[in-house]
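Counting from 1, position 116 in the sequence shown corresponds to residue 125 in our numbering; the numbering is continuous, with no gaps. The C-beta atom is built at its ideal place from N, Cα and C for all residues, glycine as well.
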Amino acid sequence: MEPILLTTETGKSKRLDAFLAESVEGVSRAAAAKLIESGAVLVDGKPAAKSCRLTGTETVELTLPEPEPIDAVPQDIPLDVVYEDADVIVVNKPSGLVVHPAPGHPDGTLVNALLHHCALSLSGVGGALRPGIVHRIDRDTSGLIIAAKNDAAHQGLAAQLKDHTLARTYECVVVGNPREDSGTVDAPIARDPRDRKRMAVVAGGRSAVTHWEVVARYAGYAHLRCRLETGRTHQIRVHMAYIGHPILGDTVYGAKKPVSGLTGQCLHASGLRFIHPRTQEAVELTCPLPEEFTALLARLRAQ
10 MEPILLTTET GKSKRLDAFL AESVEGVSRA AAAKLIESGA VLVDGKPAAK
60 SCRLTGTETV ELTLPEPEPI DAVPQDIPLD VVYEDADVIV VNKPSGLVVH
110 PAPGHPDGTL VNALLHHCAL SLSGVGGALR PGIVHRIDRD TSGLIIAAKN
160 DAAHQGLAAQ LKDHTLARTY ECVVVGNPRE DSGTVDAPIA RDPRDRKRMA
210 VVAGGRSAVT HWEVVARYAG YAHLRCRLET GRTHQIRVHM AYIGHPILGD
260 TVYGAKKPVS GLTGQCLHAS GLRFIHPRTQ EAVELTCPLP EEFTALLARL
310 RAQ
């Protein structure tokens, strides 16, 4: 594969492995360390240790390994395709559908459905179990998710995730009514030190910024629209709980009891805007709220 060139202005004083994990979508710190040790990373043209501290003036060259053979199998699972061309496909994912195979979910995922729909034509950047996947949304979150059909499209979209030109808008119902009509949560997120299965606001975690505004207020609840400036795991769910307004139906960060009529948390990825990686034209997409979301809003209005 073609090397990825990175400048290190944002990596001053950071370790090389940490910088790579923050800068390259889909590369964890452990994976970055293995790439460095294998000689796939050069700093100003020379090999460097994973613990190398950057000055902010270097050029880092990363050569990712050739993609592994795709292990996930195609399955004929219906898809709600919102946009598709030779390079990208955008799907309105239903709540309850897992994005990619993982322990406990070996098949029946969005990836299996995409492999069937796209006749195996998906990028290999994400690896054997995540072909085409540029970003993820939780199993119990519905809405728009984009996948790449080739490596060039994948790398272009991943770069937009990093520089925030790929914009994602979500709608949710939260418990309680925020005092203000809009606001921003700027709080770093990392694994919860008390429970590694959860995320939490943690000092020293990865930067996370969520902008929100109130769409409507109800007795004891509020309908919010959120715009992600960053894309950390469970970001909106963690940030809403952090400000005292957990998402209705979120049994991980809110009340433990499920809500009748909801598959999971009341969170929907309603909008997506990106620059097409081939044409460089802006693409803006929306999708309606799912039926269970609108039914919930009707019940709240009737209270």
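Query raised in the report: If you draw a straight line from the C-alpha of Y262 to the C-alpha of P255, how long is it?
Result: 7 Å
Report task. Answer yes or no: do V90 and L294 have a C-beta to C-beta separation smaller than 8 Å? Result -> no
Query raised in the report: For V36, which residues of its own chain have a beta-carbon under 7 Å away from its beta-carbon, when the five flanking residues on both sides are left out?
Result: L29 and A30
Query raised in the report: If you drop the 5 nearest sequence neighbours on each side, which residues of the same chain put their C-beta closer than 6 Å to that of P103?
Result: S151
Query raised in the report: Taking the runs of the beta strand (DSSP E) that are 3 residues or longer, which of them lie wholly in the region 234 to 261?
Result: none
Query raised in the report: Three or more beta-carbon pairs under 8 Å between the region 164 to 173 and the region 189 to 197, yes or no?
Result: no
Query raised in the report: Can the beta-carbon of D184 be found less than 8 Å from the beta-carbon of L233?
Result: Here residue 184 turns out to be Val, not Asp, going by the sequence shown. Result no, Cβ atoms of V184 and L233 do not sit closer than 8 Å.
Query raised in the report: Can you name, in chain order, every residue of its own chain whose Cβ lies under 6 Å from the Cβ of R310, other than the five neighbours on each side?
Result: none
Query raised in the report: Can the beta-carbon of L88 be found less than 8 Å from the beta-carbon of H126?
Result: yes
Query raised in the report: Taking three-plus beta-carbon pairs below 8 Å as touching, is the region 197 to 204 in contact with the region 279 to 299?
Result: no
**Report entry** CA nearest to the CA of T68, picked from S60, I45 and L51
**Finding:** L51
Report task. Let me know if D116 comes out buried or exposed under the rule of 16 or more other beta-carbons within 10 Å of its beta-carbon. Result -> exposed
Query raised in the report: With which residues is D195 paired in a DSSP beta bridge?
Result: V218
Query raised in the report: With a CB to CB cut of under 7 Å and the five nearest residues on each side skipped, what residues in its chain are close to P187?
Result: V223, A231 and H254
Query raised in the report: What is the DSSP secondary structure of K43, reduced to helix, strand or coil?
Result: helix
Report task. Leaving aside the five residues before and after H301 along the sequence, list all residues of the same chain whose C-beta is less than 7 Å from its C-beta, in chain order. Result -> First, the residue type needs correcting, since residue 301 is Glu and not His in the sequence shown. Once the five neighbours on either side are set aside, the close Cβ partners of E301 are G270, L271 and T272.
Query raised in the report: Which residues bound the alpha helix (DSSP H) around L166?
Result: D160 to D172
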